[in-house]
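Note sheet for the following structure.
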Amino acid sequence: KIDYRKIMIRSEVFSCFVFYAVLLVFKMYVIAVLTGQVRLRKKAFANPEDALRHGGLQYYREDPYVERCRRAHHNDLENILPFLFLGAIYSLTGPSLSLARLHFLVFFICRVLHSIAYLLPLQAPARSVAYTIAQIPCVSMAVQILISVMAYA
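Our numbering applies: residue 228 is where the sequence shown begins, and numbers increase by one.
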């Protein structure tokens, strides 16, 4: 009987992917916690019951910086989740470790820079550049997956 778990974990490319995937998920958690902390500090709650618990209905309101944090988190969801899918499948296509690591590293660094640019906020086009560069490895992985699949079709 083949133990596929051992094969996956022993794959250097898949292990590299898992490393960056976990870092990205951790980064998403950090942004989520930061959003909650900013919400508490700014006393700007999205739900009336939360506002009542923290001082009254006057705190059932929006705050520009809370909304900025929420948008950063939402943007992570829109971009990191597809990366997780693409990276996992790409890892199974047998790419070279150095090329795979470059894909994962570029995406990770750009997503960190994107979040920093969003939260500080940095002058445009810092955030857009980080976003655009992060899309390059995703498109590359998608194309390589399709080529790999078409070879077996």
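Just so you know, even glycine gets a beta-carbon here, dropped at the ideal spot from N, CA and C. Only a predicted model underlies this, so the values are computations on that prediction, with no experimental measurement involved.
- Query: In its own chain, which residues sit with a C-beta less than 7 Å from the C-beta of Cys-243, not counting the 5 before and 5 after it?
  - Reply: The beta carbon of Cys-243 is closer than 7 Å to those of Leu-324, Ala-327, Arg-328, Phe-331 in its chain, skipping five residues each way along the sequence.
- Leaving out the 5 sequence neighbours to the left and right, which residues in its chain are closer than 7 Å to Ala-299 when beta-carbon positions are compared? Ile-258, Ser-342, Tyr-345, Leu-346
- Nearest neighbour of Phe-335, chosen from Phe-246, Ser-355, Gly-282, Glu-239 [CA to CA]: Relative to the Cα of Phe-335, the nearest Cα in the group Phe-246, Ser-355, Gly-282, Glu-239 belongs to Phe-246.
- Item | Pairwise C-alpha distance: Thr-320 and Glu-276 | Between the alpha carbons of Glu-276 and Thr-320 lies a distance of about 49 Å.
- Could you tell me which of Arg-268, Cys-365, Arg-297 sits nearest to Tyr-317, measuring between CA atoms? Cys-365
- Taking Ala-359 as part of the alpha helix (DSSP H), name the residues at either end of that continuous run. First, the residue type needs correcting, since residue 359 is Thr and not Ala in the sequence shown. Its alpha helix (DSSP H) spans residues 353-379.
- Task: For the alpha helix (DSSP H) holding Asp-290, just list the boundary residues, first then last.
- Result: From DSSP, Asp-290 is part of no alpha helix (DSSP H); its letter is neither H nor E.
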